[in-house]
Amino acid sequence: AESRDGLAVIKLSFDYGTNINLAYIETNEKIDALMGSLPRDMPRPKVIKASASDIPVFNLNVSYKSANSPSSGEGRSGAKNESNFLSLSEFCENVLKRRLEQLDEVALVDLSGLSLPEMVIIPDQGKLLSLGMNEQTLSQILQRNNIELGNLTVKDGQYQYNIRFNSVLRSKEDIENVYFKVGENRILQIKEVATVQLRPQKLRGFYTYNGKRAVVMSVIKQADAQLLQLRKTLQSLSKEFEKDYPQLEFHISQDQTELLDLSINNLISNLLVGGFCAFVVIFFFLGDFKAPVLIGVTIPVSLIVTFLFFYLFGISINVVSLAGLVLGIGMVVDSAIIVIENIEQFRENGYTLDDACIAGTNEVMMPLFTSILTNSAVFLPLVFISGVAGALFLDQALSVSLALGISLLSSFTLIPVLYRLFYFHQKSYIPKPPSFFMRQVEKGYYWLMTFIFKRKVVSIGFFVSLIFLAIFLSFSIPKQGMPDISRTELEAKIDWNEAITVEENEARISKINKGLSNFEGKLLYTSAFIGQQQFLLNRELQQNFNETLLSIKVGDNQTFFDLQAKLQTLFKQDFPKANVSFSAAKNIFEQLFNTTQAPLVARFTNNQEAEVPTPARMENVYQNLSKKGLYTEFPSLQSRLQIEILKEKLLLYEVEYERVFTTLKTLFNENNLGNLKAEQRYIPIVLGGEEQEINTLLQKATVQNSKGQNIYLTHLIRVSTQQDYKSFFSASEGDFIPFSFDIDAEKIAESQAVIQKIAQEDGNLSLTFSGSYFRNLAFIKELTVVILVAIGLLFFILAAQFESLLQPFIVMIAVVFGLTGSMLMLFLAGNSLNVMSAIGMVVLIGIVDNDSILKIDTMNKSRETHSLMEAIKLAGKRRLKAQLMTSLTTILGLTPTLFSSGLGAELQIPLALSVIGGMLLGTLISVSFIPLMYWFMYRKKGV
C-alpha cells in the first residue's frame with residue numbers, strides 16, 4: 037500500500053489462475069464490513085480489477101481547434117474558456133466515451149484531463165454578520181432543503197397512486213431561490229446573502245496535447261480482440277468524429293499496435309525472402325525448376341492449414357504464436373528439401389518414379405517425426421511454469437506443435453504427391469553429373485574427415501574447448517528483455533521538488549516546450565500528464581500536484597537522443613532543483629514483462645512508534661549507506677503547511693472546535709454541503725469564497741463564539757511549515773520507508789549484511805528485504821526443474837528412435853554446439869541475449885537436431901551393410917547436399933536482414949544473428965563432430 041496526501045492505494049496481487057471475479061466480490065465484502073470503522077464523511081473506497089490486459093492500446097486526444105482552445109496562459113484563466121472546457125469534458129464523458137465503448141473490441145475507455153463542475157456558494161460576510169448568521173447556519177439551511185424523501189403509496193378508492201416529494205436541488209436557480217427565515221417575520225432567499233456560481237473544481241491536474249489542454253481517452257481492448265482490427269475501426273471512427281464535430285480535433289497517440297504490425301510484416305518478408313532463397317539454392321544444387329516451384333506451392337498450403345488449426349484451437353496471431361509459426365514454416369522448407377533430395381537419390385539408384393517417392397519418403401519419415409517430437413518436447417514442459425510466463429509458453433507450445441505437425445504432414449503427403457505430379461510426364465530419369473561446386477564441396481568434406489580422423493585427440497580438444505566457450509559466453513553475454521531498438525518516443529518523469537501549484541507546474545512545462553523551438557518540425561506530438569490524473573486503471577500515473585510525465589514523439593532515433601540532451605540542459609539551466617528521469621516509452625510487451633522493482637529493496641520500519649521513521653533518522657541512515665558505497669535515492673520530501681487549532685484558546689474565547697474547522701474548510705473551498713442532482717451527473721455543492729493567498733485569508737477570517745462575538749481566526753490557530761515524506765508505504769510488517777538498490781546479483785548477500793548492520797546501529801529501526809532478486813531466484817529454481825524435465829523427455833524420445841542410450845547424447849551435444857555458435861555470433865556482433873535472439877535459438881534447435889537425427893539414422897542403416905568407416909563416409913556423402921541446402925537457405929534468407937534498417941530490422945537482427953551463427957558452427961559440427969563421436973562409440977565393434 038502507498039499513502040499520499042488525500043489518497044491511498046492498496047494493491048492486492050493474486051497468484052496466476054486465481055478466479056479474480058470471486059476475489060473482487062470478497063474484497064468488496066470486506067470493505068463493506070469495514071465501513072463502520074471509517075470516518076463518516078469518507079467516500080467508499082473504489083475496488084478496481086486490474087490485469088495485464090488493462091494496458092491501453094491507444095490514446096485518443098480530444099481538444100478544441102485553435103480558435104476555441106483553452107490553452108496555456110491567459111486563455112485558460114478566462115471564464116468563457118473554462119466554461120467551454122467544462123462542456124468539452126461533459127461531451128467526452130457522456131457522448132464520445134459511450135460511442136467508443138459500443139465497439140465490440142473495446143472493453144473500457146479510461147479518461148483523464150477532465151474539468152469537473154462544482155456549485156460554489158460565496159457568502160457575503162457583511163450581510164451574514166448583520167443578520168446574526170454564519171457559514172454553519174447557511175450550511176444547515178441548504179442541507180435541510182436538499183433531502184431525498186422517497187415515495188409514498190396512497191389509495192383513492194379503487195385507484196392507487198405513488199406520491200413523490202420534489203425537495204431536491206437540481207439547478208443553480210433552485211439554490212438561489214431557497215427561502216429561510218431570519219428573526220420572527222423576515223423571510224429571505226439564498227441569493228440575497230450569497231453569490232451562487234457554477235465553476236470548474238479546483239485543478240488537481242490536467243492533460244495537454246501539443247501545448248493545448250485536452251481530454252485523453254485511453255482505449256483498453258477486450259482480452260480476445262484483434263489489435264490491428266481495433267486500430268482500423270478506431271481510425272475510421274475518428275474520421276467520423278471529425279466530420280460530426282468540426283470544432284474539435286482528434287489525434288491518436290501511444291499506438292501499441294506497432295510491434296505486432298512489424299512482427300507480421302517481418303513474417304511476410306521472411307517468407308518471401310526465405311522462399312526466394314530456397315528457390316535459388318534448390319535450383320543451384322538440383323539444376324531443375326520444378327523442385328523449387330514444388331516448395332513454392334507447399335509453403336502457402338501449409339500456412340493456410342496452420343491458420344485453420346489456429347482458428348480451431350482458438351489461438352490468435354500474436355508475437356508469441358508468430359514465433360511458433362516461423363519455426364513451423366522453416367521446418368516445412370527444410371523437410372521439403374530433405375524429402376525431395378532423398379527421392380532424387382533413390383531415382384539416381386535406378387528406382388522408378390513411384391517407388392522413389394515411396395521409398396525416399398519412408399526412409400526419412402521416422403527421423404523427421406523424431407525431430408518434430410524433440411522440438412515439441414522442448415516447449416511442452418514450459419507450460420508448467422507458473423504465472424503469466426507459463427500462460428505465454430502454453431500459447432507458444434500449442435502454436436509450435438501445430439506448426440510442426442503441419443510441416444510433418446506436408447512432408448509425408450503433399451511433397452511426394454506433388455513431386456510425382458510434377459515429374460509424371462518425364463519419360464526417363466537421366467542422372468545429372470555433380471556440378472563443379474558440389475565436386476569442390478565433396479573434396480573439402482573428405483579432406484576435413486581425413487584431418488579429423490588422423491588427429492582425433494586435437495579434434496576432441498577443440499570440441500571440448502567449445503563447451504568451455506559456451507559456459508563462458510553464457511555468463512559474459514549481456515541479457516535483456518527486448519533488444520535495443522530505435523526509440524522514437526521519449527518520456528521525462530519530472531518532480532519539481534518544490535511545493536508548486538498545478539498552474540505553475542503547467543507554466544513550467546510550457547516554458548520547457550518553448551525551449552525546444554529548434555526542434556520544430558521534428559516533434560510529431562507532445563503530451564503532458566500534469567499533476568494528479570483521473571484514470572481508473574493506470575497504475576503508472578500516481579502523481580502529486582508538483583509532478584509531471586512529459587511524453588514527446590519524434591521521427592527518428594538520432595532526434596530522440598538529441599532531444600534528451602537538450603531537455604537535460606534546459607532543466608539544469610532553468611529548474612536545477614527538479615528531479616528528472618528520462619526513458620523510452622515502453623511498448624505493450626515491455627509493459628507486461630518489465631518490473632520497476634529494484635533487485636534489492638530495504639524496508640525500514642520504526643520499532644518504538646506506529647509511525648514511519650522520521651526524515652532526520654532516515655537521512656542519517658542514507659549518509660551511512662553512502663559511506664559504505666551503497667548508493668540510493670532518498671525518498672522525496674515536501675513542505676507541508678500545518679494548522680494546529682489551539683484548544684486552550686477555544687476555551688478562553690468560548691468557541692466551538694467544529695465551528696473553527698468548518699470556517700477553515702470554507703476558506704479553502706473544501707466545505708462540501710452535498711450534491712446537486714443534475715440530469716446526468718451529481719455536481720458537488722461547496723460553501724467557499726474567492727481564491728486568495730493563504731495568509732490573507734487567515735488574517736481576514738473571523739469565527740463567531742457562543743456569545744455572538746466575532747473572534748479573529750488567527751487568535752485560535754497556530755500555522756507552521758514542516759518537511760515530510762510525499763508518500764510512505766505499508767505492508768504486513770507495518771508502515772515503512774523503502775531504499776532501492778540497483779546491485780548485481782553476486783553482491784546482494786554482502787550488501788544485505790552491511791544494510792542490516794547500519795539498521796542495528798540505529799537501535800530503533802527494523803529491517804526487511806524484498807526485490808526482484810528474490811522473485812527471480814524462485815523463478816530460476818522453477819525453470820531449472822522444468823528444463824531438466826524437458827532434457828529428460830528429449831533423451832527418451834531420441835533413445836526410442838535410435839534404440840540406444842548413447843546416441844541421444846550426440847544429438848544433445850550437437851545442439852549445445854549450435855547454441856554456442858549463436859551466442860558467439862551475438863557476442864562478436866555486440867548484441868545481447870534477448871527475446872528475439874532466444875526465438876532464433878529455438879528455430880536453430882529445430883534445424884540442428886533435424887540434421888543430426890537424420891545423419892545418425894543414416895549411419896545406423898548404412899552399418900547394416902557396410903563397415904563402420906564406410907557407413908560414416910556414405911552417410912556423410914548422402915546427407916551432405918541436403919544439409920548444405922537447408923543451411924544455405926536459412927543463412928541466405930536471413931542475411932539481408934543484417935543490412936536493413938528501421939525498427940522491423942532491429943527486432944529481427946538478434947534473431948538473424950543467433951540463427952546464422954548457430955547454422956555456421958552447427959554445420960561444421962554436423963560434418964565433423966557427429967562422425968567422430970559415432971566412431972568413438974562403435975570403434976570396438978568394427979561394424
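For the sequence shown, the residue numbers in my numbering are 37 to 979. All C-beta atoms in this analysis are idealised placements derived from N, C-alpha and C, irrespective of residue type, glycine included.
7 Å Cβ shell around residue i - same chain, five flanking residues per side excluded
i    : result
A143 : I256, K257 and Q258
Y748 : T738
D297 : L264
A907 : M895, S898 and R899
T293 : V93, L263, L264 and R267
V400 : I374, V375, N378 and L890
R200 : N187
Y455 : L330, I376, I379 and C393
T750 : L734 and Q735
Outcome for residue i when other beta-carbon atoms lying within 10 angstroms are tallied against a minimum of 16
i    : result
W483 : exposed
M398 : For clarity, residue 398 is Asn in the given sequence; the question names Met instead. With fewer than 16 other Cβ atoms within 10 Å, it is exposed.
V500 : exposed
Q179 : exposed
V145 : buried
Y215 : exposed
V131 : exposed
V23  : Since the first and last residues shown for the chain are 37 and 979, residue 23 lies out of range.
L58  : exposed
T926 : buried
L730 : According to the sequence as given, residue 730 is Ile; it is not Leu. I730 comes out exposed.
L824 : exposed
V590 : buried
L308 : exposed
Y761 : buried
I507 : exposed
P328 : buried
Per-residue DSSP class, three states only, for residue i
i    : result
Y52  : coil
H287 : strand
S672 : coil
R653 : helix
Q758 : strand
L147 : strand
K817 : helix
I507 : helix
L96  : strand
Y481 : helix
T63  : helix
N707 : strand
R717 : coil
N57  : helix
F448 : helix
S840 : coil
M155 : strand
Residues of its chain near residue i, where Cβ-Cβ distance is below 8 Å and the 5 sequence neighbours each way are ignored
i    : result
N593 : S522, R523 and T524
R754 : I679, E680 and L682
V337 : S446 and L450
Closer than 7 Å: residue i CB and nearest the ligand GDP heavy atom
i    : result
M872 : In terms of ligand content, the structure shown is empty, and the ligand GDP therefore cannot be addressed.
Neighbourhood of residue i by C-beta, 6 Å cutoff - its chain only, sequence neighbours within 5 removed
i    : result
M921 : V317, F321 and I373
L712 : M155, L205, I719 and I721
E285 : S99 and K101
L869 : I513 and K515
Neighbour flag for residue i against chain D, beta carbons, 8 Å
i    : result
A506 : Among the chains in the structure shown there is no chain D, since it carries only a single protein chain.
field: Contained beta strand (DSSP E) runs [length at least 3] in the stretch 179–265, N- to C-terminal order
entry: 187–192, 195–200, 215–218, 222–225, 230–236, 241–245 and 251–257
- request: Decide if the stretch 718–735 is in contact with the stretch 789–805; the criterion is three or more beta carbon pairs, one per stretch, under 8 Å apart.
  value: no
task: Enumerate, from N- to C-terminal direction, the unbroken alpha helix (DSSP H) stretches of 4 or more residues contained entirely within the stretch 538–574.
output: Within the stretch 538–574, the runs of alpha helix (DSSP H) at least 4 residues long that lie entirely inside it are, in chain order, 538–550.
query: Can you give, in chain order, each stretch of the alpha helix (DSSP H) that sits fully within the stretch 842–906 and has at least 4 residues?
result: Fully enclosed alpha helix (DSSP H) runs of 4 or longer: 843–864 and 871–898.
field: Any alpha helix (DSSP H) of 4 or more consecutive residues that is wholly inside the stretch 380–423
entry: 389–415, all fully within the stretch 380–423.
message: Which complete alpha helix (DSSP H) runs does the stretch 745–808 hold, if anything under 4 residues is left out?
response: Secondary structure within the stretch 745–808: the alpha helix (DSSP H) runs of 4 or more consecutive residues, fully enclosed, are 784–798 (chain order).
query: Is the stretch 841–854 touching the stretch 428–442 in the sense that three or more CB pairs, one from each, lie closer than 8 Å?
result: The stretch 428–442 and the stretch 841–854 do not touch, with fewer than 3 CB-CB distances between them shorter than 8 Å.
- prompt: Looking at C-beta atoms only, is the number of pairs between the stretch 158–168 and the stretch 682–693 that lie closer than 8 Å three or more?
  reply: No contact exists between the stretch 158–168 and the stretch 682–693.
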